[in-house]
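First the structure, in the form of structure tokens, and then the observations on it.
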Amino acid sequence: MKGRMFLAIALIAIGLVLLLNNLGMGVLPRKLELWPVLLMALGAAIGADALRNNEKDPLFGAVILFFVGLLFLLTESGYLAGGLGKLWPVFIIILGMAFISNSFMSGTARGLVIGLIYAAVGFVLLASTYGKLSIRIDLVTYWPVILIVLGLATFFQKAR
200 MKGRMFLAIA LIAIGLVLLL NNLGMGVLPR KLELWPVLLM ALGAAIGADA
250 LRNNEKDPLF GAVILFFVGL LFLLTESGYL AGGLGKLWPV FIIILGMAFI
300 SNSFMSGTAR GLVIGLIYAA VGFVLLASTY GKLSIRIDLV TYWPVILIVL
350 GLATFFQKAR
């Protein structure tokens, strides 16, 4: 219960600071827009707490927060080329990493398989957005299949 309350308050506070900044009522100076670091720090704190208490559920969100923060930090800093218009499949890869981390924490193979499916789909889409894989024409027609596969993976993860 304590952890949830802390998470709720932290998310509200971070959200308010970022919203005010986006609306031009800047709380953060332009040079110090390190909001991705806040996501990473929050993810690391939640993850450390989850590992310390041997809880797998908070670890899922912690992995997502940390790596989404890292993605935005690297994008905002200019270390990743193409911007989020090309990097959007990384979000699917991050989701796969969260399932994989839960699998290692719980010792079950189901989360590992689902995580690997998400990661594989993400890597295929990432290769496609950078022109390394020529599936553009088919992707336009068959992209709903990706949603179906991801939905099935999620369904079987929940159906324990």
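Residue numbers (this note's numbering): 200 to 359.
Idealized CB from N, CA, C, for every residue including glycine.
- The closest CA to that of L237, considering only N253, G246 and L264, is found on L264.
- Only residues of its own chain outside the window of five on either side were considered, and among them P257, L258, A261, V262 and F265 have a CB closer than 8 Å to the CB of G246, listed in chain order.
- CA-to-CA, the gap between N301 and L311 works out to about 8 Å.
- The region 276 to 295 and the region 315 to 330 touch, with three or more beta-carbon pairs separated by less than 8 Å.
- A244 carries a helical assignment under DSSP once its states are collapsed to helix, strand and coil.
- In this structure G268 touches M239 by the C-beta definition: roughly 4 Å separates them, less than 8 Å.
- Taken through DSSP and simplified to helix, strand or coil, T307 comes out as coil.
- The DSSP-derived three-state label of K331 is coil.
- Rounded to whole angstroms, the Cβ separation of Y317 and L351 is 11 Å, and the two are not in contact under 8 Å.
- In this chain, the alpha helix (DSSP H) harbouring E275 covers D256 to E275.
- Annotation: G330 to V348 spans about 23 Å, alpha carbon to alpha carbon.
- Rounded to the nearest angstrom, the Cβ distance from T274 to G282 is 6 Å, consistent with a contact under 8 Å.
- In its chain, beyond the 5 residues on either side, Y317, A318, G321, F322 and L325 have a beta carbon closer than 8 Å to the beta carbon of I292.
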